[in-house]
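Residues in the sequence shown are numbered from 1 upward in steps of one, following full-length UniProt numbering.
No residue lacks a Cβ here, since even glycine has one placed at the ideal position from N, Cα and C.
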Amino acid sequence: MFQALPYEGNRSEQFSSVLEQLKSLIHDEPSSIANLANASALLNSFLPDINWVGFYLYDGQELVLGPFQGLPACIRIPLNRGVCGTAASERRTLVVDDVHEFPGHIACDAASNSEIVIPLIKNEQLLGVLDIDSPLKGRFDHDEQQFLEQFARIISEKL
Numbered sequence: 001m002f003q004a005l006p007y008e009g010n011r012s013e014q015f016s017s018v019l020e021q022l023k024s025l026i027h028d029e030p031s032s033i034a035n036l037a038n039a040s041a042l043l044n045s046f047l048p049d050i051n052w053v054g055f056y057l058y059d060g061q062e063l064v065l066g067p068f069q070g071l072p073a074c075i076r077i078p079l080n081r082g083v084c085g086t087a088a089s090e091r092r093t094l095v096v097d098d099v100h101e102f103p104g105h106i107a108c109d110a111a112s113n114s115e116i117v118i119p120l121i122k123n124e125q126l127l128g129v130l131d132i133d134s135p136l137k138g139r140f141d142h143d144e145q146q147f148l149e150q151f152a153r154i155i156s157e158k159l
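1. If I measure Cβ to Cβ from L126 and keep anything under 8 Å in the same chain, skipping five residues before and after, which residues do I get?
2. Looking at C-beta atoms only, is the number of pairs between the region 147 to 155 and the region 35 to 44 that lie closer than 8 Å three or more?
3. Using DSSP with H/G/I as helix, E/B as strand and the rest coil, what is E29?
4. State whether the region 8 to 28 contacts the region 100 to 114, with contact taken as three or more CB pairs (one from each stretch) at a distance under 8 Å.
5. Ordered along the chain, which non-local residues of its own chain (more than five positions away) have a Cβ less than 6 Å from that of I116?
6. So is residue 167 buried or exposed if we call it buried at 16+ other beta carbons inside 10 Å?
7. Mind checking which residues open and close the alpha helix (DSSP H) that includes L148?
8. For Q61, does the three-state DSSP call read helix, strand or coil?
9. Given I33, which residues of its chain have a CB within under 8 Å of its CB, disregarding the five upstream and five downstream residues?
10. Which class does L43 belong to by DSSP, given the choice of helix, strand or coil?
11. May I have the straight-line CA-CA distance separating N35 from E62, to the nearest angstrom?
12. Out of curiosity, what's the CA-to-CA distance linking K137 and H100?
13. Do you know offhand how far W52's Cα is from E8's?
14. For F102, which three-state DSSP category applies?
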């Protein structure tokens with residue numbers, strides 16, 4: 001059974017705790033959907049000041065909505081479109097301090113002002129993206145980006 005506890009220590013120690021929780025949650029579970037659902041719930045309980053966290057999965061042509069926490073979202077995102085489609089096609093993390101200034105931004109939730117998208121890649125193959133939105137501008141910093149990239153690597157290896 002998972003119990004939400006306050007995270008103690010500095011940010012690095014808190015990030016390490018979350019990564020260990022993730023590994024424990026997905027260790028013996030073969031279902032990708034279950035693992036992605038728990039991963040999004042874990043991040044939703046840990047990260048302050050976010051309004052959406054979840055996954056879009058690549059079906060070979062476009063990104064399709066997967067497990068998430070937040071308001072209902074866009075179901076399909078073409079590659080090269082919006083922050084998610086751009087991060088997926090370029091296979092690199094995108095941190096956008098103000099989504100309203102991002103060309104082609106797809107507004108699924110009008111409350112979102114900043115976003116981070118991390119591609120999920122395994123054996124050089126695109127699997128999807130981890131997408132996190134915040135109502136705050138400039139919400140995501142470099143340390144959090146590195147933590148979330150580690151989180152995404154752990155998930156990608158399990159998919």
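Answer, in terms of the structure:
1. Counting only Cβ-Cβ distances below 8 Å, and skipping sequence neighbours, we find Y58, A88, R91, P119 and L120.
2. Contact holds: three or more Cβ-Cβ distances are below 8 Å.
3. For E29, the three-state secondary structure derived from DSSP is coil.
4. The count of Cβ pairs closer than 8 Å, one atom from the region 8 to 28 and one from the region 100 to 114, stays below three, leaving the stretches out of contact.
5. Here I116 has V95, I132 and F140 as same chain residues with Cβ atoms under 6 Å from its own Cβ, once five neighbours each way along the sequence are excluded.
6. Residue 167 lies beyond the range of the chain shown here (1 to 159); nothing can be said about it.
7. Where L148 is concerned, the enclosing alpha helix (DSSP H) stretches over H142 to K158.
8. For Q61, the three-state secondary structure derived from DSSP is coil.
9. Here the set comprises G66 and P67.
10. DSSP places L43 in helix when its eight states are reduced to three.
11. A direct Cα-Cα distance of roughly 21 Å separates N35 from E62.
12. Roughly 10 Å separates the two Cα atoms.
13. The straight-line gap from Cα to Cα measures roughly 24 Å.
14. In the three-state reduction of the DSSP assignment, F102 falls in the coil class, being assigned neither a helical nor a strand state.
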